[in-house]
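Undergrad: Reading the sequence shown from the start, the letters are residues 913 to 1368 in this note's numbering.
Virtual Cβ for every residue (Gly too), placed ideally from N, Cα, C.
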Amino acid sequence: MSVDTICALATAPGGALGIIRISGPQALEILSRVFSKNISDAQPNTIHYGHITDKPSAIGHQTSDIIDEVLVSVFRAPHSYTGEDSAEISCHGSRYILNKVLELLIQQGCRMANPGEYTMRAYLNGKMDLSQAEAVADLIAASNEANHQMAMSQLRGGISTKLSQLRDQLLKLTSLLELELDFSDHEDLEFADRSELLSLAKNINNHITHLAESFETGQAIKQGIPVAIVGKTNVGKSTLLNALLKDDRAIVSDIHGTTRDTIEDTIDINGITFRFIDTAGIRQTSDQVEQIGIERTYAAIDKARIVIWMVDAEPAQEELINMNKLSENKKLILVRNKIDKAQNTPFTIVKIPLIEISAKHGTHLSNLEQAIYEAADIPTPQQSDIIVTNARHYDALIRAHAHLQRVLDGMAQNISGDLLSEDLRLTLDTLSEITGGQITPNEVLGNIFKNFCVGK
Ligand SMILES: Nc1nc2c(ncn2[C@@H]2O[C@H](COP(=O)(O)OP(=O)(O)O)[C@@H](O)[C@H]2O)c(=O)[nH]1
Ligand SMILES: [Mg+2]
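Structural data, given as structure tokens:
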């Protein structure tokens, strides 16, 4: 099978420098044809200064033939990102230069890389497993510390190590069950009894469940933790959103029912992204549009992980009852706003701890931010706990769990080992999908890499 040599721009346009990557068996020969030096036999991990020229055959070319003065870094198989011979050309970042260099490389026999093709080659050449390849895309996309930490842990093989431990235990379980079969005629022989095997299987299943459960946290960190700001009209919800965002995002006015739709935006608190949703205030209204807004408020509450319930005066019994109901399945933060006006009149019937602020004057906003951060209850990123962030991994874990559950059920009913081995094998195969240990169908690979940027 012949492998193409591919090229692509690896950097975003508009910078002072642009880096073009070439990878494949012909990388150094092709590049030598447009470079002022022959680097076909260059040593690995060396950097070469020279010119890219559009008169490939010319020796001692004219200044006008020179496209750019560049630095070429040479990497040789297998010690490169892709595992192939490859090079990176650091050019000046002009759109003209970069397009021209790519054009020359293509004329000389390169093909433009597909999205994620470098990383796909790295995977196919055994430089990284599939979960690590996926982490590369997450790492590039990570815009805050928590996402960066999760991607880095996955890139460094966090989930791979965990899965290989589980695989080892599953293989042990399989061999113990087989042993049971081999010696089943020898009634007087002692081998691992069923209760031991059962507890081993249960332990593995617990680990799989634990991993699957971490997906919710992983999603929350990746997409931002939804926080709904709710309460009656005019208590200052939109003012709070604006104060948190340090921006006039929502319209603030003393007219009741100003906010009719939900407004969403994100801020980072201690390295975690929160998605704030300002909502229409809850009240009885005959205005149809406002009514739709209020329905959206309920939908926002449903989706939120944290609800900030804002009041500007002692809430009535009915409101308190609603709050208490909500606090059963949401993290509820009760906020009393407009303390600049209230002259310290304490609430009498509210038993829930509350945070007192003035959204308008920015008083005690940091207390509120701290409370929001704590309510998110996110394990600190440096904890070594593995967090699953990828929907494909989650899906495989859920299916592996179902297969293993069948093994567990069978064991509990004393079904013989040979009848359990099929489900055990399926459990193993399903877990292997995550790291790509099994042969991964092209379609699956295509799906994984299509969302990468070109050049990665
Ligand atoms: N005195 C005072 N007024 C506030 C405060 N926060 C908001 N307001 C005022 O309350 C009114 C309603 O605010 P708004 O944010 O639109 O309330 P919403 O309907 O809950 O979104 C506006 O006139 C705001 O200026 C505050 O902390 N102190
Ligand atoms: Mg509002």
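(1) So, helix, strand or coil for G930, using DSSP?
(2) Looking at R1217: is its Cβ nearer than 7 angstroms to the Cβ of A1192?
(3) Return the chain-ordered list of same chain residues with a C-beta closer than 7 angstroms to the C-beta of L1067, the five sequence neighbours on each side being excluded.
(4) If you run the structure through DSSP and keep just helix, strand and coil, what is D1139?
(5) Would you check whether ligand 1 has a heavy atom nearer than 6 angstroms to the C-beta of V1147?
(6) Who does C919 pair with in a DSSP beta bridge?
(7) Cβ of S1165 versus every heavy atom of ligand 2: is any distance shorter than 6 angstroms?
(8) Please state whether DSSP places S1076 in a helix, a strand or coil.
(9) Tell me, please, whether the stretch 1209 to 1225 touches the stretch 1133 to 1151 by the rule of three or more beta-carbon pairs shorter than 8 angstroms.
(10) Tell me whether A999 sits in a helix, a strand or coil according to DSSP, three-state version.
(11) If you measure from the CB of T1170, is any heavy atom of ligand 2 nearer than 6 angstroms?
(12) Taking the alpha carbon of A1140 as the point to measure from, which residue in L1246, H1273, Q1077 has its own alpha carbon closest?
(13) Check whether the Cβ atoms of D953 and G936 sit closer than 7 angstroms, and answer yes or no.
(14) In three-state terms, what does DSSP make of H1168?
(15) Got a sec: does ligand 1 put a non-hydrogen atom nearer than 6 angstroms to the Cβ of D1080?
(16) Could you give the DSSP three-state label for K1114: helix, strand or coil?
(17) Hey, how far is the Cα of V1142 from the Cα of D1289?
(18) Grab me the residues of D1180's own chain with a C-beta within less than 6 angstroms of its C-beta, minus the 5 sequence neighbours each way, in chain order.
(19) Would you decide whether G1367 is buried or exposed? Buried here means 16 or more other CB atoms lie within 10 Å of its CB.
(20) DSSP puts L1014 in a beta bridge; with which residues?
(21) Kindly indicate which residue of K1242, I1269, K1243, G927 has the alpha-carbon position closest to the one of K1253.
(22) Could you tell me the boundaries of the beta strand (DSSP E) in which H960 lies?
(23) Could you give the distance in angstroms between the alpha-carbon of R1195 and the alpha-carbon of A1053?
(24) If distances are taken between C-alpha atoms only, which option among V1219, E1240, L1085, A939 comes closest to A1283?
(25) Residues bridged to V1356 by DSSP?
(26) DSSP three-state call for E1108: helix, strand or coil?
(27) Let me check you understand the geometry: is the CB of S907 closer than 6 angstroms to at least one non-hydrogen atom of ligand 2?
(28) Evaluate T958 with the Cβ neighbour count: other Cβ atoms within 10 Å of its Cβ, from every protein chain shown; 16 or more gives buried, anything less gives exposed.
(29) Does the distance from the CB of A1162 to the CB of L1153 come in under 7 angstroms?
(30) Taking Cβ positions, are L1343 and A1324 nearer each other than 7 angstroms?
(31) Is D1252 near ligand 1, in the sense that its beta carbon is under 6 angstroms from a heavy atom of that ligand?
(32) Contact between the stretch 920 to 933 and the stretch 1004 to 1015 is defined here as three or more beta-carbon pairs at a separation below 8 angstroms; is this criterion met?
(33) Which of the three DSSP states is assigned to T1145 in this structure?
(34) Does any CB atom of chain B fall closer than 7 angstroms to the CB of D1160?
(35) Evaluate L1083 with the Cβ neighbour count: other Cβ atoms within 10 Å of its Cβ, from every protein chain shown; 16 or more gives buried, anything less gives exposed.
(36) Within this structure, are the beta carbons of T994 and Y1030 separated by less than 7 angstroms?
TA: Inspection of the coordinates gives the following:
(1) strand
(2) no
(3) Q1044, A1047, V1048, L1051
(4) The displayed chain sequence assigns Val, not Asp, to residue 1139. DSSP places V1139 in strand when its eight states are reduced to three.
(5) yes
(6) I934, M1024
(7) no
(8) helix
(9) yes
(10) strand
(11) yes
(12) L1246
(13) no
(14) coil
(15) no
(16) helix
(17) 21 angstroms
(18) N1056
(19) buried
(20) DSSP output for L1014 lists no bridge partner at all.
(21) I1269
(22) 958 to 965
(23) 41 angstroms
(24) V1219
(25) Paired residue(s): none; V1356 is not in a bridge.
(26) helix
(27) Here the chain covers residues 913 to 1368 and nothing more, so residue 907 does not appear.
(28) exposed
(29) yes
(30) no
(31) yes
(32) yes
(33) coil
(34) Considering every chain present, this structure includes no chain B. It has just one protein chain.
(35) exposed
(36) yes
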